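Asker: The structure is given below, and queries will be raised subsequently.
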Amino acid sequence: MAESTVNTFEDITARLDEIITTVRSKDTSLERSLDLFDEAIRLGSKAVELVDSFDMSPSEAAMLEDAQKEPVDAQGATADGASEARGAR
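Residue 2 is where the sequence shown starts when you use this note's numbering, and the numbers rise one by one after that.
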């Protein structure tokens with residue numbers, strides 16, 4: 002996936018996963034690893050911009066607020082037994 006085709010948060014995380022896999026490969030040169038590192042930094046900045054520009058709907062904001070009020074145990078389950086990730090997209 003070329004960096005120019007990375008437009009969504011999911012695209013960014015997928016490309017970052019590809020970069021990690023490539024850098025961990027013993028066949029990747031230091032120069033290539035440094036180029037990938039630079040790309041990862043740019044992608045990280047783009048991800049931050051996407052997150053900062055995200056606007057929640059009032060109902061999403063209310064759901065998040067309610068979820069933050071629920072007590073969570075050590076395993077990440079709320080008092081009603083649901084996983085903390087239930088509101089994840």
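By construction, the Cβ of each residue, glycine as well, lies at the ideal position given by its N, Cα and C atoms.
Remember, it's a predicted structure, so these values are computed and weren't measured experimentally.
Among residues of its own chain, excluding the 5 on either side of Ser-34, which ones have a beta-carbon nearer than 7 angstroms to its beta-carbon?
Answerer: For Ser-34, where only same-chain residues beyond five positions count, the Cβ hits under 7 angstroms are Val-24.
Asker: How would you write the range of the alpha helix (DSSP H) that Thr-71 sits in, first residue to last?
Answerer: It is Glu, not Thr, that sits at residue 71 in the sequence shown. Where Glu-71 is concerned, there is no enclosing alpha helix (DSSP H), given that its DSSP letter is neither H nor E.
Asker: With respect to the alpha helix (DSSP H) encompassing Lys-47, which residues constitute its N-terminal and C-terminal limits?
Answerer: Taken as a continuous stretch (DSSP letters only), the alpha helix (DSSP H) holding Lys-47 covers 31 to 54.
Asker: To the nearest angstrom, how far is it from the Cα of Asp-67 to the Cα of Glu-19?
Answerer: So the alpha carbons of these two residues sit roughly 36 angstroms apart.
Asker: Starting from Thr-14 and walking both ways along the alpha helix (DSSP H), at which residues does that stretch end?
Answerer: From DSSP, the alpha helix (DSSP H) with Thr-14 extends over 10 to 25.
Asker: From Leu-31 to Thr-22, what distance separates their C-alpha atoms?
Answerer: Straight-line Cα distance between these residues: approximately 14 angstroms.
Asker: Whole angstroms are fine: how far does the CA of Phe-38 sit from the CA of Glu-61?
Answerer: Roughly 34 angstroms separates the two Cα atoms.
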